Amino acid sequence: MAEEILRLEGVRKSYGVGTPVETEVLHGIDLSLEAGEFAALIGPSGSGKSTLLHTVGLLERPSAGSIAIQGRDIGRLDETAITELRGRTLGFVFQFHYLIPAFSALENVLMPQLIDKGYRDREMERRAATLLDAVGLAAAADKKPSELSGGMQQRVAIARALAMHPPMVLADEPTGNLDTHTADDVFALLRQFNREQHTAFLIVTHDPRLAARCDRRIELVDGRIVSDTPTPSSSPEVTSL
Amino acid sequence: MPFELIVALRFLREGRMQSILIIVGVTVGVAVIIFITALITGLQGNIITRTLGTQAHIVVRPPDEVNRPVLRREDADIAARIEKRAQRLRSIDQWQSVFELVEHAPGVVAASPTVAGAAFASRGNANKSVALLGVDPVRYLRIVKVHESIAAGEFRVAGTDAVIGIELASDLGVNVGDKLRLTTAEGGNDIVTIAGIFDLGNKEVNRRWVFVTLKMAQNLLDLAGGVTNIDLAVKEIFSAETVAGTLSLQTGLLVESWMQTNAQLLAALRNQTITTVIIRIFVILIVALGIASVLVVSVVQKSREIGILRAMGTSSRKVMTVFLLQGAIVGFLGSLLGSLLAGALLIAFPRIFRDAGGFPFFEPDVNVWLFVTAMLVAVLTGIIAAATPARRAAHMDPVSAIRYG
Numbered sequence: 043m044a045e046e047i048l049r050l051e052g053v054r055k056s057y058g059v060g061t062p063v064e065t066e067v068l069h070g071i072d073l074s075l076e077a078g079e080f081a082a083l084i085g086p087s088g089s090g091k092s093t094l095l096h097t098v099g100l101l102e103r104p105s106a107g108s109i110a111i112q113g114r115d116i117g118r119l120d121e122t123a124i125t126e127l128r129g130r131t132l133g134f135v136f137q138f139h140y141l142i143p144a145f146s147a148l149e150n151v152l153m154p155q156l157i158d159k160g161y162r163d164r165e166m167e168r169r170a171a172t173l174l175d176a177v178g179l180a181a182a183a184d185k186k187p188s189e190l191s192g193g194m195q196q197r198v199a200i201a202r203a204l205a206m207h208p209p210m211v212l213a214d215e216p217t218g219n220l221d222t223h224t225a226d227d228v229f230a231l232l233r234q235f236n237r238e239q240h241t242a243f244l245i246v247t248h249d250p251r252l253a254a255r256c257d258r259r260i261e262l263v264d265g266r267i268v269s270d271t272p273t274p275s276s277s278p279e280v281t282s283l
Numbered sequence: 017m018p019f020e021l022i023v024a025l026r027f028l029r030e031g032r033m034q035s036i037l038i039i040v041g042v043t044v045g046v047a048v049i050i051f052i053t054a055l056i057t058g059l060q061g062n063i064i065t066r067t068l069g070t071q072a073h074i075v076v077r078p079p080d081e082v083n084r085p086v087l088r089r090e091d092a093d094i095a096a097r098i099e100k101r102a103q104r105l106r107s108i109d110q111w112q113s114v115f116e117l118v119e120h121a122p123g124v125v126a127a128s129p130t131v132a133g134a135a136f137a138s139r140g141n142a143n144k145s146v147a148l149l150g151v152d153p154v155r156y157l158r159i160v161k162v163h164e165s166i167a168a169g170e171f172r173v174a175g176t177d178a179v180i181g182i183e184l185a186s187d188l189g190v191n192v193g194d195k196l197r198l199t200t201a202e203g204g205n206d207i208v209t210i211a212g213i214f215d216l217g218n219k220e221v222n223r224r225w226v227f228v229t230l231k232m233a234q235n236l237l238d239l240a241g242g243v244t245n246i247d248l249a250v251k252e253i254f255s256a257e258t259v260a261g262t263l264s265l266q267t268g269l270l271v272e273s274w275m276q277t278n279a280q281l282l283a284a285l286r287n288q289t290i291t292t293v294i295i296r297i298f299v300i301l302i303v304a305l306g307i308a309s310v311l312v313v314s315v316v317q318k319s320r321e322i323g324i325l326r327a328m329g330t331s332s333r334k335v336m337t338v339f340l341l342q343g344a345i346v347g348f349l350g351s352l353l354g355s356l357l358a359g360a361l362l363i364a365f366p367r368i369f370r371d372a373g374g375f376p377f378f379e380p381d382v383n384v385w386l387f388v389t390a391m392l393v394a395v396l397t398g399i400i401a402a403a404t405p406a407r408r409a410a411h412m413d414p415v416s417a418i419r420y421g
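Residue numbers (the working numbering), protein chains in the order written: chain E, 43 to 283; chain D, 17 to 421.
Listed below in structure tokens is the structure:
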């Protein structure tokens, strides 16, 4: 059995706690993800997909329940430890790329390593260059994000998400504002890293076409998981899981 | 280069126009502070030097003579009007021993016995009232450097040689080598030869002072063997008041420092200093507000970047450091440029503003510490000004930054 990298038990998330407008967005989520899984998180708008992703991404603390990443219960960690854990074990890809405009493509890709290590060195430059090459943007290394197309920016963001060799990457509508052709390319890239590096992906998407190409579909409605099924048409090596 | 510095520099470079404007702001602020401080310090130093150019730091005099009424009864008041006595010219009692004491008092670097009194200088029909100063030239020149302000001849006070001021010389129409008659109310009468003419830059002094030997002044003023005052120079000019106080207690004589004599001037200088301090504080405040406002805007503009940096594992402490560093860098660059600007102004100033004679009014007081202090203050101001925006950036919720950008 593959290593479990994520386990959520009874996770609830409320906003405006203690105020008259207190609303619970997640009502007790149980979920686990294993190394190398390629899962889609689907559901209508306002179902809590992004909140769940941010909670899994340790950007928000759950109001109740427990989250364990690679067996470590994050409820016991302080802010500094969580920040460090996030930097080392999680990669993020957001809908609007969110590259840092002041830095070149290469610098954006090496940013997570730079944050982790505190200063820049040759080794991280090499790794960043390799990753850029892997997403097919070796030639754009010195370009600023504003000089890149949307698809290119998203590919840089994917390279960046993988910079620290994270066991899990969280993607929020990674193809949300790309045309279908570019979206296919980007999606293929995610799939490629999943296969080659055995990185687990949890992808929030609206696009049923893309969800169908994931190994597993987790459907969220009104803050509850209503279905969690392997995709029938997925590739043989994943169905064997 | 550490991560925080890389990001801080890059953020500043990205917001180019804002960064340039605020650095220019700091530059001007620092330049104003350095320039005004150097100028005022130089000006005040110059005023004090000029004031002390014709004055001893401390003057020791005999105490005022007072009447001691003998009528006094325990059980009744006696109506008696006691008139103040006229102060006649007299010597310090046993001045040699007093001189010995004050010359070696701590803080005193030079002492000179002087006989001073009123006299008339006449030549032909011209007759001028003058202040006669009998001095021991070697000692006196250590107190007031008359020999550095000689317009003609030399400062030679010996025998019947005398040194007079340039105004008196022109009033009487005399020159070096000419003779002059000195008479006093005490009945003294002598003829002196003018050995030198001084110009101490003060008309009153140039018109009235006549230097003769101690002996001649004693004879003319009928003070055989006596001196009317002892002039002192101290090492630290602003310690004159304390030294004078001590000497007054030790000798029981009237001891007056230049600070007492020029109390008005010192009060004016103090007010000027306070004014410059206030100006400096306001300039620092304006610079700080400028830096803070630019960084506050920058934090808002960069909220997405801050969010993404936090998501990638940047601690809130590091985010805070990034913004504090921006404040420090702006302060540092601004102070560097400001120092250069102030330096240029300070070099140009004495060349542009000259007095009638073509000489600079005064030299601004330029010293390295002024620049170092100004730079430190600017960097510190930058950091303090950045504190609020930096804290805001550090406490920014990454999720809302990412969601709503």
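Idealized CB from N, CA, C, for every residue including glycine. Quantities reported herein were computed from a predicted structural model and do not represent experimental measurements.
Asked, Found
"Anticipated Cβ contact below 8 angstroms, Thr229 (chain D) with Ala174 (chain D), distance rounded", "6 angstroms"
"Gly193 (chain E) versus Phe136 (chain E): straight-line alpha-carbon distance, rounded", "13 angstroms"
"Cβ contact (3+ pairs, closer than 8 angstroms) linking the stretch 99-118 of chain D and the stretch 181-192 of chain D", "no"
"Coil, strand or helix - Thr244 (chain D) by DSSP", "coil"
"Interface partners of Asp158 (chain E) on chain D, CB under 7 angstroms", "Gly329"
"Given 8 angstroms, three or more beta-carbon pairs between the stretch 406-418 of chain D and the stretch 311-330 of chain D", "yes"
"Whether Gly398 (chain D) touches Gly343 (chain D) by CB criterion (8 angstroms)", "yes"
"Which listed residue (D:Asn83, D:Gln110, D:Ile108) has its alpha carbon closest to that of Arg97 (chain D)", "D:Asn83"
"Cβ-Cβ separation, Gly329 (chain D) to Ile157 (chain E) (assumed contact under 8 angstroms), whole Å", "5 angstroms"
"Neighbour flag for Ser92 (chain E) against chain D, beta carbons, 8 angstroms", "yes"
"Near-chain A residues of the stretch 78-106 of chain E (beta-carbon distance less than 8 angstroms), N- to C-terminal order", "No chain A is part of this structure, whose protein chains are labelled E and D."
"Nearest to Arg49 (chain E) (by Cα), restricted to the options E:Val63, E:Ile111, E:Ala77", "E:Ile111"
"Proximal residues, the stretch 132-144 of chain E versus chain D, C-beta separation under 9 angstroms", "Leu132, Gly133, Phe134, Phe136, Phe138, Tyr140, Leu141, Ile142, Pro143, Ala144"
"Element boundaries [alpha helix (DSSP H), containing Tyr57 (chain E)]", "Careful: Tyr57 (chain E) lies outside any alpha helix (DSSP H), inside the beta strand (DSSP E) at 46-57."
"Ser191 (chain E) classed as buried or exposed, judged by whether at least 16 other C-beta atoms fall within 10 angstroms", "exposed"
"Length at least 4, wholly inside the stretch 230-268 of chain E: the alpha helix (DSSP H) runs in chain order", "250-253"
"For Ala102 (chain D), the nearest candidate out of D:Ile49, D:Gly193, D:Pro79, D:Leu239 (CA to CA)", "D:Pro79"
"Glu121 (chain E) to Thr289 (chain D) span [Cα, whole Å]", "50 angstroms"
"Option nearest Gly193 (chain D) by Cα separation, candidates D:Ile207, D:Val23, D:Ala201", "D:Ile207"
"Chain-order list of residues whose beta-carbon lies under 8 angstroms from that of Glu167 (chain E) (same chain, five-residue window excluded)", "Leu148, Leu152"
"Chain E residues whose Cβ lies nearer than 8 angstroms to that of Phe27 (chain D)", "Ala144"
"CB of Val243 (chain D) within 8 angstroms of CB of Pro129 (chain D), strictly", "yes"
"Ordered list of alpha helix (DSSP H) runs contained in the stretch 143-222 of chain D, each at least 4 residues", "153-156, 182-188"
"Member of E:Asp264, E:Pro154, E:Asp163, E:Ala203 whose CA lies at the smallest distance from the CA of Val177 (chain E)", "E:Ala203"
"CB of Ala211 (chain D) within 8 angstroms of CB of Asp177 (chain D), strictly", "yes"
"Residue from D:Pro18, D:Leu236, D:Lys231 with nearest C-alpha to Leu198 (chain D)", "D:Leu236"
"Inter-residue spacing [alpha-carbon to alpha-carbon] between Ala47 (chain D) and Gly160 (chain E)", "36 angstroms"
"Bounding residues of the alpha helix (DSSP H) (the contiguous stretch that carries Thr217 (chain E))", "Segment: none, Thr217 (chain E) is in no alpha helix (DSSP H) and carries neither H nor E."
"Through-space distance from Phe387 (chain D) to Asn155 (chain D), alpha-carbon basis", "With the sequence shown as reference, residue 155 (chain D) is identified as Arg, and Asn is not the correct amino acid for it. If I take the Cα positions, the gap works out to 40 angstroms."
"Element boundaries [beta strand (DSSP E), containing Leu270 (chain D)]", "270-273"
"Pairwise C-alpha distance: Glu79 (chain E) and His240 (chain E)", "8 angstroms"
"Ser151 (chain D), buried or exposed, once every other Cβ within 10 Å from all chains shown has been counted against 16", "According to the sequence provided, residue 151 (chain D) is Val. The question's Ser does not apply to it. So Val151 (chain D) counts as buried."
"At least three beta-carbon pairs within less than 8 angstroms, the stretch 294-314 of chain D to the stretch 401-409 of chain D", "yes"
"Interface flag, Val280 (chain E) vs chain D, CB-CB below 8 angstroms", "Low confidence applies here, because Val280 (chain E) scores a pLDDT of 43, under 50, leaving its location unreliable and the question unanswered by this model."
"Pairwise C-alpha distance: Leu68 (chain D) and Phe27 (chain D)", "55 angstroms"
"Chain D within 8 angstroms of Gly58 (chain E), Cβ atoms only", "no"
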